[in-house]
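In what follows, a structure is listed as structure tokens, so that the remarks can point back to it.
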DNA sequence: TGGGGTTACGCAATTCGTAAAAATT
DNA sequence: AATTTTTACGAATTGCGTAACCCCA
């Protein structure tokens, strides 16, 4: 068994069992990959792929298990390399953060600018985190950590910590009937088509909880994750927007009004997620601590050791979370 | 980075930084090992070993971290191989159990004989578990699992489950003053030099707890782990023995008497330990379930997923433990 | 001086690339 | 017919063994 063979294996899996496309991703010739996979299969004595003629058709059950372990193994290889690089030059490297649009746009800019000034040698990458993908992106090693406002599936070795709380506001055109100075009620909201986040976003959870409790049925006629899109459609008079308050502070549209809805919806959660299996570099801790002061390096290292639920809750209860 | 290089690295570490002796353990020539380590060090860019002249003198701090990860990585490689072998022939392989003398001698024989009859293709190895070594032996991959009557350090990914309870008995020569039919008290025991288990054995814990509570100070003039040794010295009149009741059932010495001490000492614990990181084969589950019926495959797989303390306690409280 | 480590060098085995053939859609 | 995998074969690289050299107790 060779590390290369395992890398080829993962590449094939990640390219839909297409060896040719996998070979390009690892900058190697296709027949070599094919051969190495055959060699690996014959060394282990098991078929990893189900073949239909010469094409790979599916992964065998045993192949699934092997691939799962291989991914873990390669993650550790990466960890060894990162440990070494960090020792050589703690301030040089990459930072890959997956996060949602709103966070990247309204909350993160200051921390990012401080970071790039402090660590000019670190190349900074910010990528969109799609719904339900945060965990897998981290576990695939695409992302060092994620800060998201969505429901995160628990996964093995994935650590999820509270990042901050955020509130919702109503966004309507200035001349909208709801913008008459009244105290907005849930009933008011139900009288208009609503444009807001998709299910799976924590901001949507708060809304659903409040409506469910009231027995009212709101009309979510349109759900999208991108705030700009929501704004645009609200502007066009297609509905009323329920969006993050933080996003309303930066509105330059003169003909739009925003009204806080704190009295209707409880604050939503945002989470920081990272994997136990990667080596967090000092500059990563530094960024996190700058952006989320309660998540100190000390706290992060402590939770990385693998605490049980009670210990975890005890730590989380001590956090003083910012509310935006 | 090559898997071979990491194997060499671990071999050197496990042979006291002696490359020559490490090279023999991996059936390869010494210069090759030397070269590969140099290559690995220069690829990673860090010194793993501190050199004094040409001799390896110690492992650098960064080397420690790398070795720790390398061990994990190789454990996963082994897991992949085991998964494949198990698929090829579920009833062929090895079973390595580390356990204590008393368990191997008095409790395990029936389960072992059933096992070797049922699985003639599995080679069976029983090795002594020394005090405090159970966890590390498992984590080094020397042992598939351990059943011990000693205090087991919690370690990362080490799972510890209750195996059974066992009681203590007094062992004295037939003509000993304590063998006069009386109900033995703690005071009685303190009037004679005691020969029993070393600290760290769970059987010793029960004794220490009882004596501490009573305020009495017993005289452990001799502590050993081997029951045969204890018996011999008791026979010679050097002291009174406090040993596992199960060991007194098989005494063939005609001039020795044993008296249960259940009323003085609470039952001691025995534990089953195994690692989350190895693949437990079906015949292993089978052996464990035969020997310890409450530890079914289902239970073992459940706890392998990584439960928190509460869930673990809930499961353990449901066990009906045998008392020997 | 001897146990152990590194350097030098050459053989053997692997890996990988190109080209051609085979098979699937 | 086009795409994709396997087979075949040759070139470059790598891993490992022997022998010689070096260094510290």
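Chains as they are written, first to last, in my numbering: chain H, 1 to 324; chain D, 1001 to 1324. Even for Gly, the Cβ is constructed at its ideal location relative to N, Cα and C. This structure is a prediction, so every number in the text was calculated from the model and none was measured.
Item	Value
8 Å CB neighbourhood of residue 115 of chain H in its chain, flanking five on each side removed	95, 122, 124, 283, 286, 287 and 290
Pairwise C-alpha distance: residue 1004 of chain D and residue 21 of chain H	29 Å
Residues that DSSP places opposite residue 67 of chain H in a beta bridge	Paired residues: none, contrary to the question.
Pair within 8 Å by beta-carbon distance, residue 1196 of chain D and residue 1220 of chain D	yes
DSSP state of residue 175 of chain H mapped onto helix, strand, coil	coil
Contact belief for residue 62 of chain H with residue 99 of chain H at Cβ below 8 Å, rounded distance in angstroms	Incorrect: roughly 37 Å between the Cβ atoms, too far for contact.
Residue 159 of chain H vs residue 304 of chain H beta-carbon contact at 8 Å	yes
Distance CB(residue 203 of chain H)-CB(residue 168 of chain H) smaller than 8 Å	yes
CB of residue 170 of chain H within 8 Å of CB of residue 59 of chain H, strictly	no
Sheet register partners of residue 269 of chain H (DSSP bridge)	H:165
Under 7 Å by beta carbon: chain D residues contacting residue 79 of chain H	1069
Segment limits, alpha helix (DSSP H) that includes residue 1042 of chain D	1030-1044
Contacts that residue 331 of chain H makes with chain D (C-beta to C-beta distance below 9 Å)	In the structure as shown, chain H begins at 1 and stops at 324. Residue 331 of chain H is therefore absent and cannot be evaluated.
Buried versus exposed, by CB contacts within 10 Å (16 or more), residue 236 of chain H	exposed
Under 8 Å by beta carbon: chain H residues contacting residue 1301 of chain D	Residues of chain H passing the Cβ test: none, with the nearest at roughly 14 Å.
Members of the stretch 1292-1316 of chain D near chain H, C-beta cut-off 9 Å	1305, 1306, 1307, 1308, 1309, 1310, 1311 and 1312
N-terminal and C-terminal residue of the beta strand (DSSP E) that residue 1111 of chain D is part of	Premise fails: residue 1111 of chain D lies in the alpha helix (DSSP H), 1109-1118, not in any beta strand (DSSP E).
Three-way DSSP call (helix, strand, coil) for residue 257 of chain H in this model	strand
Contact with chain D by residue 1 of chain H, beta-carbon distance below 8 Å	yes
CA-to-CA distance, residue 1200 of chain D to residue 1244 of chain D, given in whole angstroms	15 Å
Beta-carbon spacing of residue 56 of chain H, residue 6 of chain H below 8 Å	no
Run of the alpha helix (DSSP H) containing residue 211 of chain H, from where it starts to where it stops	202-214
Where residue 1218 of chain D falls, given that 16 or more other Cβ within 10 Å makes a residue buried	buried
Among D:1145, D:1156 and D:1231, nearest to residue 1174 of chain D - alpha-carbon criterion	D:1231
Pair within 8 Å by beta-carbon distance, residue 1139 of chain D and residue 308 of chain H	no
Boundaries (first-last residue) of the beta strand (DSSP E) holding residue 127 of chain H	122-128
Neighbour flag for residue 65 of chain H against chain D, beta carbons, 8 Å	yes
Opening and closing residue of the beta strand (DSSP E) in which residue 1143 of chain D lies	Taken as a continuous stretch (DSSP letters only), residue 1143 of chain D belongs to no beta strand (DSSP E), as it is neither H nor E.
Closest Cα partner of residue 49 of chain H within the set H:12, H:248, H:293 and H:30	H:12
Per DSSP, the bridge partner or partners of residue 1150 of chain D	D:1201
Beta-carbon proximity of residue 1270 of chain D to residue 1149 of chain D, cut-off 8 Å	yes
DSSP-derived helix/strand/coil call for residue 1052 of chain D	strand
Beta-carbon proximity check, residue 1216 of chain D vs residue 1190 of chain D, cutoff 8 Å	yes
Contacting residues, own chain, Cβ-Cβ under 6 Å from residue 1040 of chain D (five flanking each side not counted)	1005
Local conformation of residue 1312 of chain D per DSSP, three classes	helix
Cβ pair residue 1207 of chain D, residue 1242 of chain D closer than 8 Å	yes
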